[in-house]
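Since the structure comes first, as structure tokens, the remarks are kept for the end.
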Amino acid sequence: MTIAAGPLATASASDNWGKAPAFSEEGLTGSFWRLSSLDTGDINPFLVLAPEGRVGNFFDPAVEYWHVFDGHLCFVNADGQPSAIFTAAQTEDGRIVALGGRGTIGNTNALFILTATEHPQHPINATPKGMPRRAQFLVAAPKPRRPNLVVVPAGSGSLHGQWQEGIADNKRNWDICVGYYGTERPFLPAAVEYLAHLPQKRKFKLIYDLFYEDSPLWGYDRIWLPDDDLLISGEDINRMFHLSRRHELDLCQPALSTGEGSHPTHPITFQKPGGGVRHEPFIEIMCPLFSRRALKICIESFRDSESGYGLDHLWPSFLGRPESRMAILDQFGVKHTRPIATNYNLGVALAEQQAVFATYGFRLSPIPGVL
11 MTIAAGPLAT ASASDNWGKA PAFSEEGLTG SFWRLSSLDT GDINPFLVLA PEGRVGNFFD
71 PAVEYWHVFD GHLCFVNADG QPSAIFTAAQ TEDGRIVALG GRGTIGNTNA LFILTATEHP
131 QHPINATPKG MPRRAQFLVA APKPRRPNLV VVPAGSGSLH GQWQEGIADN KRNWDICVGY
191 YGTERPFLPA AVEYLAHLPQ KRKFKLIYDL FYEDSPLWGY DRIWLPDDDL LISGEDINRM
251 FHLSRRHELD LCQPALSTGE GSHPTHPITF QKPGGGVRHE PFIEIMCPLF SRRALKICIE
311 SFRDSESGYG LDHLWPSFLG RPESRMAILD QFGVKHTRPI ATNYNLGVAL AEQQAVFATY
371 GFRLSPIPGV L
């Protein structure tokens with residue numbers, strides 16, 4: 011039995027209900043739901059059953075984590091007691107469109123409904139349904155050569171060629187994909203494993219088009235998504251991927267250099283002396299490194315984002331705020347060579363952020379060191 015999303019998820023709550031089939035945690039991990047109650051109506055428009063039993067984008071003491079008990083999805087409260095067990099399922103054409111269960115959430119004892127859903131459409135720039143969003147590769151490796159991947163949206167002034175200098179091909183633990191956004195024919199300073207030409211595409215729209223459903227880029231364990239104006243050595247990229255794997259991080263980034271010619275944004279990301287893996291609740295959009303499972307949960311938020319503003323607050327929320335699996339890597343001080351807000355309108359970007367937050371039902375809480 012599969013879980014439906016999209017149009018089927020809107021089926022009437024009075025139809026086709028029966029006993030829920032036995033689930034596994036593997037089968038539910040990464041699924042998206044809308045939470046409501048027959049008594050109080052909608053509670054949360056986008057809830058994620060995130061890895062390791064975390065509940066994404068819904069934070070309530072009554073739903074501290076989730077697991078599967080006797081084949082049923084179970085929410086557990088902060089005291090370790092079951093708060094809701096979903097024993098009923100609604101089906102449509104053999105697919106599960108909703109789960110129902112009684113329990114206590116938000117101090118309300120009620121019948122709760124989880125309706126299968128998907129990421130909401132962008133509130134401002136939504137691509138029309140059915141419009142293809144699939145990049146065509148001009149260069150594509152027949153299969154991943156290495157376990158990790160760097161994906162850089164690049165223009166004519168990209169610095170990514172310097173990342174490949176000084177490191178032998180057989181010493182790299184990462185392949186590289188360039189999504190070229192210039193209007194001219196791509197000219198690359200070094201060989202790459204993947205190349206696509208996506209003229210005038212913004213960063214996250216471009217990345218979304220590269221990661222279509224059966225894209226070869228999903229074959230990598232960890233994926234780094236840097237801007238093209240960063241300076242970092244190939245050896246440090248190697249070490250960054252190594253630390254991400256060693257510490258089982260789902261979301262991380264290199265620290266930002268504060269030296270001359272570098273333009274960091276958020277003090278939380280400034281490189282601290284002594285190196286190390288610094289667990290923090292925030293990873294900025296400039297250079298996030300995802301595990302594959304984390305990117306699969308977050309990728310749809312990239313789809314129509316024009317500025318990227320706010321995505322770095324949403325990603326930890328979708329993953330259930332897994333601070334033990336998030337980190338800023340102070341061993342590396344990547345240099346950001348251009349000031350921010352030089353190629354977009356800051357006011358428009360902030361308006362986009364607020365609109366996107368509203369579609370997800372996300373409430374921004376201040377984070378020390380994040381501007």
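The numbers in the working numbering rise by one with no breaks, and the one at position 252 of the sequence shown is 262. Note that CB positions come from ideal geometry on N, CA and C, so glycine has one too.
| Check | Outcome |
| --- | --- |
| Minimum C-alpha distance to residue 317 - residue among 339, 354, 309 | 354 |
| Sequence-distant residues of its chain with Cβ nearer than 7 Å to residue 288 (five each side left out) | 282, 337, 338, 340 |
| Beta-carbon spacing of residue 172, residue 59 below 8 Å | no |
| Pair within 8 Å by beta-carbon distance, residue 104 and residue 122 | no |
| Own chain partners of residue 298 with C-beta closer than 6 Å, once the 5 adjacent residues on each side are dropped | 235, 263 |
| Within the region 198-258, ranges of the alpha helix (DSSP H) (whole runs, at least 4 residues) | 213-220, 244-256 |
| Within 8 Å, strictly: CB atoms of residue 151 and residue 189 | no |
| Where the alpha helix (DSSP H) through residue 75 begins and ends | Segment 75-79 is the beta strand (DSSP E) holding residue 75; no alpha helix (DSSP H) there. |
| Straight-line Cα distance separating residue 310 from residue 128 | 9 Å |
| 6 Å Cβ shell around residue 249 - same chain, five flanking residues per side excluded | none |
| Proximity of residue 57 and residue 214 at Cβ, strictly below 8 Å | no |
| Paired residues, beta bridge with residue 301 - DSSP | 232 |
| Whole-angstrom distance between residue 218 and residue 277, CA atom to CA atom | 28 Å |
| Where the beta strand (DSSP E) through residue 46 begins and ends | 41-47 |
| Check whether residue 232 and residue 334 have beta carbons under 8 Å apart | no |
| Continuous alpha helix (DSSP H) stretch holding residue 367: start and end | 356-370 |
| Sheet register partners of residue 28 (DSSP bridge) | 99 |
| Counted within 10 angstroms of its Cβ, other Cβ atoms place residue 16 as buried (16 or more) or exposed | Legend: pLDDT at residue 16 = 43, less than 50; position of this residue unreliable, no value from coordinates given. |
| contact_flag[the region 358-368, the region 129-139] where n(CB pairs < 8 Å) is 3 or more | yes |
| Proximity winner among 323, 243, 345, relative to residue 373 (alpha-carbon distances) | 323 |
| With 16 other Cβ atoms within 10 Å as the buried cut-off, status of residue 66 | buried |
| Euclidean distance between Cα positions of residue 199 and residue 212 | 22 Å |
| Close Cβ partners of residue 46 (< 6 Å) along its chain, the five nearest in sequence each way excluded | 52, 53, 123 |
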